[in-house]
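Residue numbers (our numbering): 41 to 193. Backbone N, C-alpha and C define an ideal beta-carbon position, used for all residues, glycine too. One structure is given here, and the rest of the page talks about it.
The structure is reproduced here in structure tokens:
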């Protein structure tokens, strides 16, 4: 068995396309992903608590992400076909989708559903029977927990 011959082309080592020279941050994907996350984080609590509409960000695959991402894909295809400019790549679309998917968990399941209830729980459930007022509530800063019992109900 013979060894492969050493050629000059082997000496010029090409950097991988994902290396420092070939890598670029997809700024427009980050901006669009952030815009989608902000839209979901403002719209979901508004729909849930203000207008008492459907819960469009509560699911393993939130409806808000599916709707906004589908609209973005169709808008991207329309812009590319009408103007001929370079559209979003698969990598950029994947980044936008992942940002929206992670960001959709924050407004309802992440904060507004559980965090607010957890913050108010020690004061709300404190009673003479469980002694939370003397054992737990006295160590919590006054500004951290709502003090008005009517507001807690």
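Ranked by how close their Cα comes to the Cα of residue 181, the residues 65, 145 and 163 have 163 in first place. The beta carbon of residue 176 sits closer than 6 Å to those of 162, all from its chain and outside the five residues before and after it, given in chain order.
DSSP, read as helix, strand or coil, puts residue 156 in helix. Counting only runs of 4 or more residues that sit fully inside the stretch 102 to 152, the alpha helix (DSSP H) segments are 103 to 123 and 130 to 143, in chain order. Taking 9 Å as the cut-off, the Cβ atoms of residue 76 and residue 109 count as close. Residue 117 and residue 178 have their C-alpha atoms roughly 59 Å apart.
A residue is called buried once 16 or more other Cβ atoms fall within 10 Å of its Cβ, and residue 171, having fewer, is exposed.
Looking at the backbone, the Cα of residue 139 and that of residue 169 are separated by about 46 Å.
Taking the CA atoms as reference points, residue 72 sits about 24 Å from residue 88.
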